[in-house]
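These notes concern the structure reproduced below.
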Amino acid sequence: MLLQKMDNKNDRIDNRMTTWHVINIKAHSNQTPSHYVNAFDSIETQDPLIEMERRTNRFVSIRSVSRSNIQTIDGHPEWMAINLVAYTMIDPSAFYNRRSKEDVEMPWDDDVVANKKETQLIIIPSVHKIAVRKNSDITLNYILQYLKGALESVEPDEFDVDTVKDRDTLERILTAEKLISLSAHISFSNPGRGKMFRGLLDAKLREMNPSSVDIVLQGSEERPLNRENDGLVQAIVNISEENGSVQATIQNGTHLGRERINTEEHPLVLQVRQIINDVCSTIYNVLRTRFNNQ
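Heads up: the sequence shown begins at 312 in our numbering, then just goes up one per residue.
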């Protein structure tokens, strides 16, 4: 739970709890704040219409974009706020009167859509993170689909998009009595994130420059996987916190059954106890404090 420090007696303080998911975006090259700003500027200009998977005629696009009036020393805004809208496209040839049980034909403006829902994304370019409210009207899955599709449309094969995972869940994997198996889907992280073996593995992934890497480690109850400090398992799990996901089978206690953990189901829930002055500036300060070493 994060509580911001009050630096100015004139700050407006709103003591209400808000909870957020955090999304990590990563460019494969030119990993600078200006690259992320330019990418979202291009998304605003092109305004791609992204169709959601497994949902007929459900789309997401931009409603509006705003930027911080305060710029960093590099000349980019501290934050960008994108208001997304999700909606259903109407097929005018498929109207039906359920009472008369007859098909209905009527004129329809193709720009008029239905079942609208909205949410706001707060982008912090300096730490390549995006915050979205946990209780967003547009689901986290839809938001991830939109970001992947929109970034792909402006710069193909250039960006990875992942939720930041819950650290406690990762620690359950690393500290379980027995780790039976581990399956990981990861990519290299942003520069400067790894030390010792994690740094070595991360550097090797960066040198290979794959879009992603799949790793499967299989043990057994009699011979569980080794999780020594600074070892392969720890490095994989730690990289996956922001750059992928892992599925693990663990066991605690001889008489307890196995437990399956999929970290995709456990995104970080960031608790912010105060809003100082405005939401976007608050999130900027919170994420900069938490992720500024990246």
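Heads up, the beta-carbon is just placed ideally off N, CA and C, and yes, glycines get one too.
Item checked: Among L598, N341, Y453 and N549, the one whose alpha carbon lies nearest that of L360 -> Along the sequence shown, one-based indexing puts residue 360 at 49. Comparing Cα positions, the closest option is Y453.
Check: Which residue or residues does DSSP assign as beta-bridge partners of V443?
Finding: Position 132 of the sequence shown, counting from 1, holds the residue named residue 443. Per DSSP, H332.
Next item on the list: Give the range of the beta strand (DSSP E) segment to which A405 is assigned.
Entry: Start at 1 with the first residue of the sequence shown, and residue 405 comes out as number 94. Unbroken run through A405: none, as it is neither H nor E.
Notebook entry, point to check: Apart from the five residues just before and just after C591, which ones in its own chain have a Cβ nearer than 6 Å to its Cβ?
Noted result: Translated into positions along the sequence shown, residue 591 becomes position 280. Close CB contacts of C591 within its chain, under the 6 Å cut and outside five residues either way in sequence, are with W390, A392 and I433 (chain order).
Next item on the list: Quick one: using the 10 Å Cβ neighbour count with 16 as the cut-off for buried, is F406 buried or exposed?
Entry: Taking the sequence shown and counting its residues from 1, one reaches residue 406 at position 95. Counting other Cβ atoms within 10 Å of its Cβ, F406 stays below 16 and is therefore classed as exposed.
Next item on the list: May I ask you to list the residues that DSSP assigns as paired with T474?
Entry: Residue mapping note: residue 474 aligns to position 163 of the sequence shown, counting from 1. Its beta-bridge partners are I334.
Notebook entry, point to check: When you compare only the Cα positions, how much space is there between K440 and T565?
Noted result: Position 129 of the sequence shown holds residue 440. Position 254 of the sequence shown holds residue 565. When rounded, the distance between both Cα atoms is 41 Å.
Notebook entry, point to check: If you draw a straight line from the alpha carbon of N349 to that of V527, how long is it in whole angstroms?
Noted result: Here residue 349 is taken as the residue at index 38 of the sequence shown, counted from 1. Here residue 527 is taken as the residue at index 216 of the sequence shown, counted from 1. The alpha-carbon atoms of N349 and V527 are separated by roughly 36 Å.
Check: Once you ignore the five residues that flank Y457 on each side, which residues in its own chain have a CB closer than 6 Å to its CB?
Finding: Translated into the one-based positions of the sequence shown, residue 457 becomes position 146. I361 and V371.
Notebook entry, point to check: Cα separation between S345 and R599?
Noted result: Indexing the sequence shown from 1 puts residue 345 at position 34. Indexing the sequence shown from 1 puts residue 599 at position 288. Answer to the nearest angstrom: the Cα atoms are 16 Å apart.
Notebook entry, point to check: Would you call the region 326-335 and the region 367-381 touching, i.e. three or more CB-CB distances under 8 Å?
Noted result: no
Notebook entry, point to check: Applying the criterion that 16 or more other CB atoms from any shown protein chain within 10 Å of the CB defines a buried residue, is V557 buried or exposed?
Noted result: Position 246 of the sequence shown, counted from the start, is the residue given in the question as residue 557. When all chains shown are included, V557 counts as buried.
Item checked: Simplified DSSP assignment, three categories, for D325 -> Residue numbering aside, residue 325 sits at position 14 when the sequence shown is read from its first letter. In this structure, D325 counts as strand in the three-state DSSP scheme.
Notebook entry, point to check: How about the region 480-497 and the region 540-549: do they share at least three Cβ pairs that are nearer than 8 Å?
Noted result: yes
Next item on the list: Please state if the CB of S523 and the CB of I484 are separated by a distance shorter than 8 Å.
Entry: One-based indexing of the sequence shown puts residue 484 at position 173. One-based indexing of the sequence shown puts residue 523 at position 212. No, the Cβ-Cβ distance between I484 and S523 is not below 8 Å.
Checklist line | Burial state of A397, where buried means 16 or more other Cβ atoms lie within 10 Å | finding: Looking up residue 397 in the sequence shown gives position 86. Classification for A397: buried.
Margin query: Let me confirm a value: D589 is counted as buried when at least 16 other C-beta atoms fall within 10 Å, else exposed. Which label applies?
Written below: Along the sequence shown, read from residue 1 onward, the residue named residue 589 stands at position 278. Label assigned to D589: exposed.
Notebook entry, point to check: In whole angstroms, what separates the C-alpha of I587 from that of T329?
Noted result: One-based indexing of the sequence shown puts residue 587 at position 276. One-based indexing of the sequence shown puts residue 329 at position 18. Distance between the alpha carbons of I587 and T329 is about 12 Å.
Check: Bridge partners of M391, per DSSP?
Finding: Walking along the sequence shown from the start, residue 391 turns up at place 80. DSSP output for M391 lists R378 and I434 as bridge partner(s).
Next item on the list: Look at the alpha carbon of E300 and the alpha carbon of L481, and state the distance between them as a whole number of angstroms.
Entry: Because the chain in this structure spans residues 312 to 605, residue 300 falls outside the shown range and cannot be described.
Margin query: On a Cα-Cα basis, can you pick out the residue from L581, G460 and T343 that is closest to P436?
Written below: Residue numbering aside, residue 436 sits at position 125 when the sequence shown is read from its first letter. When each option's Cα is compared against that of P436, the closest is T343.
Check: In terms of alpha-carbon separation, which member of N603, L536, D352 and V475 lies closest to V580?
Finding: The count along the sequence shown starts at 1 and reaches residue 580 at position 269. Residue V475 is the option with its Cα nearest to V580.
Margin query: Among the candidates N394, T367 and R369, whose CA atom is the shortest distance from the CA of S377?
Written below: Here residue 377 is taken as the residue at index 66 of the sequence shown, counted from 1. For the residues N394, T367 and R369, the minimum Cα distance to S377 belongs to N394.
Notebook entry, point to check: Where does T383 sit, in a helix, a strand or coil, going by DSSP?
Noted result: The residue given as residue 383 occupies position 72 in the sequence shown. T383: coil per DSSP, three-state reduction.
Margin query: Does the distance between the C-beta of M363 and the nearest non-hydrogen atom of the ligand PLP fall short of 7 Å?
Written below: Ligands are entirely absent from the displayed structure, and the ligand PLP is therefore not among its contents.
Checklist line | Strand pairing of R578, partner residues [DSSP] | finding: Translated into positions along the sequence shown, residue 578 becomes position 267. Contrary to the premise, residue 578 reads as Pro rather than Arg in this sequence. The partner list for P578 (beta bridge, DSSP) reads K476.
Item checked: 8 Å Cβ cutoff met for N426 and T450 -> Locating residue 426 in the sequence shown gives position 115, counting from the first residue. Locating residue 450 in the sequence shown gives position 139, counting from the first residue. Contact flag unset, no.
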